[in-house]
Structure formats: C-alpha cells, structure tokens
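In what follows, a structure is listed as structure tokens, so that the remarks can point back to it.
Number of protein chains: 2
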Amino acid sequence: MNDTLDPKLRSWVESAHDPATEFPIQNLPFGVFRRAGSDEAPRVGVAIGDQILDLCACLAEGLLEDVREGPAAIACAAPSLNVLMSLGRAHATALRAGVSRVLRAGGAPTRYDRERAERILVPMADAELFLPADVGDYTDFYASVFHATNVGRLFRPDQPLLPNYKWVPIGYHGRASSIVRSGTPVRRPHGQTKRPDDERPTFGPTRQLDYELELGFYIGAGTSLGQRLAIDDAESHLFGVSLVNDWSARDVQSWEYQPLGPFLAKSFATTVSPWVVTLDALEPFRRAAFARPEGDPAPLPHLVSVVDQARGAFDVTLEVWLSTARMRDAGLDPCRVSHGSFADMYWTPAQLVTHHTSNGCNLRPGDLLASGTVSGPEPSSRGCLLELTTRGAEPLSLPGGETRAFLDDGDEVILRGYCEAEGAVRIGLGECRGLVVG
Amino acid sequence: MNDTLDPKLRSWVESAHDPATEFPIQNLPFGVFRRAGSDEAPRVGVAIGDQILDLCACLAEGLLEDVREGPAAIACAAPSLNVLMSLGRAHATALRAGVSRVLRAGGAPTRYDRERAERILVPMADAELFLPADVGDYTDFYASVFHATNVGRLFRPDQPLLPNYKWVPIGYHGRASSIVRSGTPVRRPHGQTKRPDDERPTFGPTRQLDYELELGFYIGAGTSLGQRLAIDDAESHLFGVSLVNDWSARDVQSWEYQPLGPFLAKSFATTVSPWVVTLDALEPFRRAAFARPEGDPAPLPHLVSVVDQARGAFDVTLEVWLSTARMRDAGLDPCRVSHGSFADMYWTPAQLVTHHTSNGCNLRPGDLLASGTVSGPEPSSRGCLLELTTRGAEPLSLPGGETRAFLDDGDEVILRGYCEAEGAVRIGLGECRGLVVG
C-alpha cells in the first residue's frame with residue numbers, strides 16, 4: 001500500500017488531527033479555490049484539516065520538487081481539475097504523494113518558519129470553492145438495485161424491476177450545463193404535471209421536489225472514440241469521487257419520462273461537492289463487489305474480472321441531512337434522514353465505466369459519472385424522499401414537529417460521506433449543500 | 001425582409017450562380033475551416049458557391065468595416081462558432097449582412113483585383129471543415145408525431161403514442177463527446193442485445209445499425225440558470241441549423257432503453273454537417289406551425305403564441321441518400337431512400353426551446369438541439385430504416401439488386417437538406433456524410 005495511507009502519518013497542520021476532521025493527511029482531496037472576496041485566479045488546492053494547501057504557492061516556494069518541471073505543475077494553475085485529470089492516474093498519484101511529503105510532520109515546511117506555512121495555506125473559512133471540474137458530459141447511472149426496485153414499485157407497480165436491470169448497468173445522459181457547486185441555491189422548477197385523475201396537465205412549480213443521494217466519479221485520462229475498455233483497465237480512467245445531489249421533480253418526471261427517460265425533471269440543477277477524493281485515498285476502503293442474491297444472473301463476461309469482483313467496490317458511507325427554515329429559526333441542528341453504503345451498489349465503478357465505453361463512446365477528462373441514488377436494503381438507507389416517504393404517503397417526521405413528504409422552500413439538503421475501516425484513518429468527502437428557494 | 005435575401009442579388013463569385021449550388025449569396029452559412037493539409041488555425045468562414053469566404057482574411061484586407069472594431073471580429077478568429085454564437089442574433093445578423101455586401105456583384109472586391117479575391121476565398125475542394133461548434137450539451141427531441149407513432153408501434157404495439165406526447169415536447173439528453181464532423185467514419189458499435197426468444201442477452205456488434213435524419217438547432221446567446229424563456233423570445237436564442245445524423249443501434253436500444261431512455265444505442269456517434277444556416281437565411285421558408293388534427297389538444301399556454309403559430313415552422317426538405325460498397329464498385333450513384341419536410345414536425349423550434357428552459361435549465365452558446373427523426377405522413381418520408389423497413393420486415397431495394405433491412409459495413413449515409421419557396425432563391429444545407437466501418 002501507498003505510504004501516503006500509513007495510519008501513523010502525522011501532519012504539521014494541527015487541525016488535520018482534529019477527531020472530527022474529514023481531511024487528515026491520509027485523504028488529501030483536490031479542489032479549486034481562491035481567497036473569498038478576492039479577484040485571485042481560481043487554482044488547484046488540497047484540503048488538509050481546516051486548511052487548503054495552495055499548490056501554486058507550494059511550487060513558487062520551491063516545494064513539490066518532484067513535479068515542478070512536469071505537466072502536473074501547469075495543471076495546478078488551472079481553474080479546474082481537468083488538466084490534472086487529463087494527465088492520468090500516475091501524475092495525480094505522484095502529485096498527491098508530493099503533497100503528502102510537504103504536509104508531513106518533520107517534512108519540508110517545519111524546516112522553515114511559520115510565515116512560510118502561512119504563505120502556502122489558506123483557511124477553508126476564508127476560501128471560495130469552485131466546481132472541481134468543467135464537466136463535458138454528465139452520465140447518471142441507476143446502480144442501486146434497492147433504489148431501482150423501490151422506485152420501480154411506485155412508477156410501475158406491476159413490474160418494479162425491468163428484465164434488463166440485472167444485465168445492463170442502466171444509465172442515461174444528464175445535463176452538464178446545470179451542474180452547480182455546493183452552496184448554490186436551487187430554485188424550485190416549474191414543469192408540466194398531470195395527476196392520474198386530472199383530465200389534462202398543468203404547468204407550474206413542482207409539488208414533489210426531491211433530492212437524490214449519489215456518489216460521482218470524475219474521469220481522469222480520457223478514451224478515444226471507438227476504444228472499448230477492458231474491465232481491468234477501467235479504474236485507470238477514474239480520477240476520484242465527489243458527492244452528487246441529482247435534484248428531481250417527481251411529478252414532472254412521472255409525466256414526462258416515457259419513452260425517452262428523465263429530462264426536465266432533472267436538468268434544472270445538479271449539485272456537486274467541492275473536494276474530489278482520489279481513488280488512491282479510497283484504497284483502504286475497497287470491498288468485494290456486491291454479492292448478487294442466489295438466482296441473479298452473472299454479469300456478461302466483459303463486465304467481470306477476478307480483481308474487480310474481489311475489490312472493485314468501495315465502502316463509502318453516505319448520509320442525507322435536512323434542515324428546514326423552521327428548524328433553523330428554532331435553533332435546531334440539521335437532522336440525518338438516511339444513511340447507506342456505496343458498497344451496496346449492484347455494479348462496481350469499473351463495471352459502469354466498462355459498460356459506458358463498450359459501444360466505443362469516448363470519455364473526456366472531467367466527465368462525471370454519477371452512481372444513481374445510493375439506497376441500501378434497509379428503510380433507513382433510502383437515498384431520496386420518493387423512496388423514504390413512499391411518494392409522500394408516509395411523510396417524514398422532523399425535529400420540531402414538522403413533517404415532509406417532499407421538499408419545501410427553505411429546506412436545505414446536506415449530503416455527507418465518509419469512509420471507515422479497520423487499520424485505516426477515517427476520511428470524509430466534505431459536504432454537498434443546497435437550499436431550496438421558491 | 002432583410003435585403004440579404006433579395007432574390008435579385010448577384011455575387012461576383014461565379015459559382016454562386018451555378019443552378020446546383022446550395023450556397024447562393026442569399027444563404028451565407030457559417031462554418032469553421034482551414035486549408036486542407038495545412039497547419040493553419042481553424043477559423044470562421046462563410047460558404048459561397050464552391051468557395052469559402054475567409055472572414056479573418058476579409059478583416060485583414062480592410063473589408064467588413066462595420067464589424068471590424070466589434071466583438072464579431074474576434075469571433076471570426078476562433079476555432080469554433082461558439083464565440084460568434086454567444087454574441088446573440090444581432091451580431092451574427094450584422095456580420096452576415098457585411099458578408100453579403102463583400103460578396104455582392106458591384107460590391108467591394110470588384111473595386112480591387114483578382115488577386116485580392118483569391119486572398120479572401122478558399123475553394124471548398126481545398127478546405128478541411130471542422131465541427132462548427134464545441135457542443136456543451138446535446139439535446140435530442142422527438143418532435144415528429146409520425147416518427148413517434150411509427151417507432152412506438154414497433155416498440156410498444158399496444159400503445160404506440162404515449163399519453164404525454166401531444167402535451168410534452170419529448171426530449172432527452174444525448175452524448176456531446178461523440179459528436180463528429182461529416183465524413184468521419186462510423187464504427188459499428190458493440191452492445192448488449194437480447195431477442196425476445198433468447199434466454200439471456202449477448203454482447204457483440206449491433207445487427208440493427210440505423211441512421212436518423214434530423215435537423216439540429218445551435219443555441220446562440222445563452223440563458224442563465226433559472227431563466228424561463230417566453231415563447232416569443234425563444235428564437236432570439238437560436239443561431240442556425242445543420243443536418244444531424246443520430247446513428248442508432250436498434251437492437252441495443254430496445255434492450256436498454258427502459259426505464260431511463262436511450263444511452264449506448266446512440267452515444268457511439270452523432271454526425272453533424274459543417275455549415276450552419278442562420279435563421280436569417282431561413283426567413284423566406286417560414287410556415288405556419290403544424291396543423292394539429294381535429295381532436296388533438298391545444299398546447300399549454302406557455303407553448304403558444306400567435307406569432308409562433310403563424311410562422312414558427314420552417315419548410316426545409318430533408319433527404320437521406322444511401323451508397324453501398326457494391327454500388328460504388330458498380331459505378332452506381334447514391335440513391336435517395338427518403339425525403340420529408342421539417343414543416344411536418346409536431347412542435348416548432350421555438351416551442352422546443354421554450355419547453356427546454358421552462359424548468360430553468362440554462363442553455364449555453366453552441367448547445368445543439370436536434371429535432372428527432374424527421375418523418376412525415378407518407379411512407380416515402382420515413383427518416384430512419386427502423387420505420388422505412390418496419391424493423392427489417394420489409395427490406396429496402398437498392399440499385400444493383402441489393403436489399404437493406406439495416407446498415408451494412410461499407411454503407412455510406414448522406415443527409416441533404418434544402419429550402420424552396422415562391423419568390424425566394426433556393427438554398428441548401430450541404431451534406432452530412434458517414435461511412436459505416438466494421
């Protein structure tokens with residue numbers, strides 16, 4: 001295992017040892033930032049404790065010697081991670097290893113003075129974080145069999161899980177233009193809706209606004225048109241992961257989605273978290289692929305490998321937290337409404353990528369492949385309100401006495417994610433926030 | 001009417017008067033080109049007869065005085081039309097008007113010498129044409145009720161046209177990364193397929209490769225997230241049109257498309273033609289919106305305006321031509337296999353754009369909105385083989401004795417389009433070509 005993951009590693013950045021931090025030295029996710037309120041150029045940084053390591057400043061200070069002359073150094077000055085992503089896993093791995101050395105207790109900066117440390121660190125509290133990547137194409141999968149079954153039951157009671165589900169990693173193209181950074185308010189969309197008993201549809205604000213808890217994978221090195229990836233090569237094209245909230249207007253969706261799939265029910269906004277946790281950092285949290293229940297078919301041969309079956313899944317715990325306007329007024333903290341594990345997904349990330357390129361479709365650096373709603377087998381692990389409230393029939397009870405069937409204006413949805421494993425330091429994915437506005 | 005459309009206008013470029021030309025002075029479509037085999041920077045040009053007017057060269061020669069100091073001049077040096085598109089209709093209209101003056105008989109260049117004309121013109125035969133725009137998001141609609149009914153009958157015999165069709169301009173997100181320029185060979189994709197009697201799916205090359213004849217609209221000025229366009233403002237965000245071939249693998253599509261729509265059945269390639277014909281040039285070919293048959297509902301109010309109903313459709317004749325390897329070996333010309341009119345679409349372009357932004361989804365300059373397969377009421381106007389051969393049951397007869405249910409390797413599909421109207425000069429859209437390779 002890569003020495004950046006050594007649980008004994010310590011950083012000279014004190015907040016990296018706060019028990020609550022998501023960003024110990026074993027994590028080191030990449031993002032794009034600048035000092036808030038400044039007109040600085042957005043540039044690449046790495047999260048450490050409650051600070052951001054400014055990679056351009058490190059280079060200017062003569063740190064990161066190993067990458068100084070290489071393309072990764074140029075990538076650090078870009079306003080998105082796309083250039084770094086395009087270089088492929090090896091470059092990002094080397095850069096992350098260099099960052100680990102800079103941040104280690106006993107490493108480079110302690111040989112210098114506090115002033116120097118202050119030149120290369122920016123407090124997160126003083127930073128503005130941007131979209132991590134310029135997403136060319138956004139693909140949304142449907143990789144939780146629990147989600148597909150729960151939702152299918154509501155939309156098609158006679159046939160919840162369609163015959164293709166266990167063979168085809170179902171996915172569709174999402175809208176790239178409306179991907180927004182965490183913290184961007186989400187305006188309740190208008191749309192056409194028609195209740196079963198209505199004679200005709202009407203147009204107006206959605207009455208069934210929902211979130212979807214997802215994990216998103218950013219493509220690193222691209223593929224060329226016509227190139228089909230073998231499953232054991234697929235992960236080398238994945239850069240890392242972020243949280244994704246694929247906001248959905250359920251009443252719009254059920255009226256519009258046949259026969260070509262969701263369109264305006266989703267395209268009004270998709271929120272992503274600012275930090276991209278690399279596959280290197282996720283290494284200690286690998287798991288065997290989802291164990292298909294007895295009777296389920298084995299995937300077709302191009303979607304299977306010994307290695308992927310043994311360790312192609314990732315145990316990332318994902319949570320949804322909700323805060324309403326009334327809760328905030330009453331001084332109540334956000335409450336957790338569900339939590340599940342990404343290891344419960346029916347398909348591994350490598351299977352999703354392999355499937356995506358199986359027709360020769362090209363992937364570009366920065367493309368976003370989201371998992372689809374992460375739901376597990378338990379009621380408490382249902383990753384959207386549609387499932388959690390059985391389409392509003394069983395509203396959720398919130399602190400302070402409120403209930404929710406779907407989202408109200410003033411509700412803030414906060415996605416969180418973290419990884420824990422025996423013998424590894426806990427790491428987190430940060431937050432993905434969005435406040436619903438009318 | 002704009003004086004660039006005057007049928008009496010003549011150009012000093014002789015080939016602009018060839019009766020077969022698609023590019024008389026009344027057309028003036030924009031594209032991106034460079035001299036073939038050169039390392040010149042791709043830049044903006046305008047088609048005229050069998051020549052390309054090099055707009056950067058015009059500016060260098062002191063022509064196009066009206067735009068020389070403005071942003072449109074900078075846009076001409078860009079390697080895509082996105083910058084020009086982003087400026088909005090008025091800038092493109094002014095640039096096209098300036099181009100018209102440069103090219104008019106008795107206009108600027110005749111005051112100078114032949115040498116100068118040669119400096120600003122590049123023969124199309126010597127040029128390499130690029131994708132006209134860097135497409136951020138590609139949306140594919142389904143706007144022909146004839147296509148939707150014909151295809152629906154094959155995929156869902158019990159319910160060809162779903163209840164939402166006459167209310168919702170059905171569309172879905174396509175793949176932007178695999179949009180290719182005309183002339184790019186299209187590799188037969190692999191995919192999962194399962195025939196009704198098969199016990200399990202198999203993975204291999206598609207056996208039902210098809211084309212789709214479509215018209216594509218490029219977005220000019222963008223919209224912001226949350227902005228809903230009124231229908232009478234929608235066209236001001238459209239820059240112009242190209243031909244689009246939305247290649248489809250029908251066996252992959254029928255197995256994968258439920259419940260989230262087409263994905264790998266389409267994402268392996270979409271071919272677009274190089275010239276973008278502006279809405280200004282299409283002005284003489286406007287028609288009243290499609291006359292909905294008795295009994296069809298009126299669209300919801302936000303999708304209707306007096307102006308759009310009166311003149312929101314465009315009478316563009318669209319054709320599919322096919323050439324097989326054996327036909328080429330035998331010296332046979334491509335044969336036309338279908339032809340229809342874009343005026344037969346159930347929704348106008350303004351309705352499609354209005355619908356697209358009705359949930360606040362933002363459009364960016366260069367986004368491509370394709371119409372969906374253009375099919376009319378006649379069997380001869382069916383815009384894909386799926387319809388034309390009733391999913392292979394009634395193969396097409398070709399010159400030389402061949403038949404086709406779906407496309408074979410070596411088949412070349414050529415889309416063409418043109419406009420004719422009383423009192424107007426005929427204009428064409430050029431060609432959109434793709435050769436199927438195994």
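Those protein sequences? They're chains Y and P, same order as listed.
Just so you know, we're using UniProt numbering here: the first sequence kicks off at 1 and counts up by one.
Just so you know, we're using UniProt numbering here: the second sequence kicks off at 1 and counts up by one.
Idealized CB from N, CA, C, for every residue including glycine.
Cα-Cα separation between Thr389 of chain Y and Leu435 of chain P, rounded to whole angstroms: Answer to the nearest angstrom: the Cα atoms are 51 Å apart.
Cβ-Cβ distance between Val67 of chain P and Ala94 of chain P below 8 Å: The answer is yes: Cβ separation under 8 Å.
Min CB distance Trp167 of chain Y to chain P below 8 Å: Yes - at least one Cβ of chain P is within 8 Å of the one on Trp167 of chain Y.
Arg175 of chain Y at chain P interface by Cβ criterion, 8 Å: Output row for Arg175 of chain Y: interface = yes.
CB contact below 8 Å: Trp255 of chain Y versus chain P: True, the Cβ-Cβ gap to chain P drops below 8 Å.
Which of helix, strand or coil DSSP assigns to Cys361 of chain P: If DSSP states are grouped into helix, strand and coil, Cys361 of chain P belongs with coil.
Pick from P:Tyr346, P:Ala421 and P:Gln26 that is closest to Val374 of chain P, judged by C-alpha positions: Among P:Tyr346, P:Ala421 and P:Gln26, the Cα nearest to that of Val374 of chain P is on P:Tyr346.
Cβ of Cys58 of chain P within 8 Å of any chain Y Cβ: By the rule that beta-carbons nearer than 8 Å mark a contact, Cys58 of chain P does not touch chain Y.
Closer than 8 Å to chain Y by CB, Leu260 of chain P: Interface residue, yes.
Burial state of Val413 of chain Y (16 or more Cβ within 10 Å): By the neighbour-count rule (16 or more Cβ atoms within 10 Å), Val413 of chain Y is buried.
Collapsed DSSP secondary structure at Ile170 of chain Y in the structure displayed: Annotated three-state conformation of Ile170 of chain Y is coil, per DSSP.
Under 8 Å between C-beta atoms of Thr223 of chain P and Leu87 of chain P: Contact: no.
Buried versus exposed call for Val32 of chain Y [16 or more other C-beta atoms within 10 Å across all chains shown]: Label assigned to Val32 of chain Y: buried.
Segment contact flag, the stretch 144 to 163 of chain P with the stretch 383 to 401 of chain P, C-beta cutoff 8 Å, min 3 pairs: Three or more Cβ pairs closer than 8 Å define a contact, and the stretch 144 to 163 of chain P meets that threshold against the stretch 383 to 401 of chain P.
Rounded Cβ spacing between Ala92 of chain P and Leu84 of chain P (contact assumed at less than 8 Å): So it is a contact: roughly 6 Å between Cβ atoms.
Nearest to Arg336 of chain Y (by Cα), restricted to the options Y:Asp367, Y:Ser397 and Y:Pro365: Answer by Cα proximity: Y:Ser397.
Cutoff 8 Å: Asn150 of chain P Cβ touching any chain Y Cβ: Judged by the 8 Å Cβ criterion, Asn150 of chain P is not in contact with chain Y.
Assigned exposure category for Ser380 of chain P - 16 Cβ within 10 Å defines buried: Under this definition Ser380 of chain P is an exposed residue.
Alpha-carbon to alpha-carbon, Tyr172 of chain P and Gly428 of chain P: Between the alpha carbons of Gly428 of chain P and Tyr172 of chain P lies a gap of roughly 28 Å.
Limits of the unbroken beta strand (DSSP E) element including Gly340 of chain Y: Its beta strand (DSSP E) spans residues Cys335 to Ser341.
Assigned exposure category for Ala269 of chain P - 16 Cβ within 10 Å defines buried: Ala269 of chain P comes out buried.
Best match in P:Pro185, P:Trp167 and P:Tyr142 for proximity to Gly191 of chain Y [C-alpha to C-alpha]: Comparing Cα-Cα distances from Gly191 of chain Y to each of P:Pro185, P:Trp167 and P:Tyr142, the minimum goes to P:Trp167.
Chain-ordered residues of the stretch 215 to 238 of chain P with a beta carbon less than 8 Å from chain Y: So the close ones are Leu225, Gly226 and Arg228.
DSSP beta-bridge partners of Trp321 of chain P: Per the DSSP secondary-structure output, Trp321 of chain P pairs in a beta bridge with P:Arg336 and P:Ile414.
Collapsed DSSP secondary structure at Cys384 of chain Y in the structure displayed: Of the three classes helix, strand and coil, the one that applies to Cys384 of chain Y here is coil, per DSSP.
Through-space distance from Phe285 of chain P to Val145 of chain P, alpha-carbon basis: Straight-line Cα distance between these residues: approximately 21 Å.
Beta strand (DSSP E) runs wholly inside the stretch 25 to 75 of chain P, at least 3 long, in chain order: Listed in chain order, the complete beta strand (DSSP E) runs (minimum 3 residues) inside the stretch 25 to 75 of chain P are 30 to 35, 43 to 48 and 51 to 54.
Cβ-based neighbour list, Arg175 of chain Y, same chain, cut-off 6 Å, excluding 5 preceding and 5 following: Non-local beta-carbon contacts of Arg175 of chain Y in its own chain, meaning distances under 6 Å to residues more than five positions away in sequence, involve Ser267 in chain order.
Cross-chain neighbours of Leu300 of chain Y in chain P, by beta carbon under 9 Å: Under the 9 Å cutoff, chain P gives Gln192, Arg200, Pro201, Thr202 and Phe203.
Reference Thr278 of chain Y, options Y:Pro79, Y:Ile25, Y:Asp158 and Y:Ala16, closest by Cα: Here the closest residue by C-alpha is Y:Ile25.
Any chain P beta carbon closer than 8 Å to Leu264 of chain Y: Yes, Leu264 of chain Y counts as interfacial toward chain P.
Against chain P: residues of the stretch 121 to 151 of chain Y by CB proximity under 7 Å: So the close ones are Gly136, Asp137 and Tyr142.
The stretch 280 to 296 of chain Y touching the stretch 206 to 216 of chain Y, judged by at least three CB pairs closer than 8 Å: The stretch 280 to 296 of chain Y makes no contact with the stretch 206 to 216 of chain Y: fewer than 3 CB pairs, one atom from each, lie closer than 8 Å.
Proximal residues of chain C, C-beta to C-beta of Asn245 of chain P below 9 Å: Considering every chain present, this structure includes no chain C. Its protein chains are Y and P.
Three-way DSSP call (helix, strand, coil) for Pro196 of chain P in this model: Coil, per DSSP.
Leu84 of chain P at chain Y interface by Cβ criterion, 8 Å: Not closer than 8 Å to any Cβ of chain Y, the Cβ of Leu84 of chain P fails to qualify, so no.
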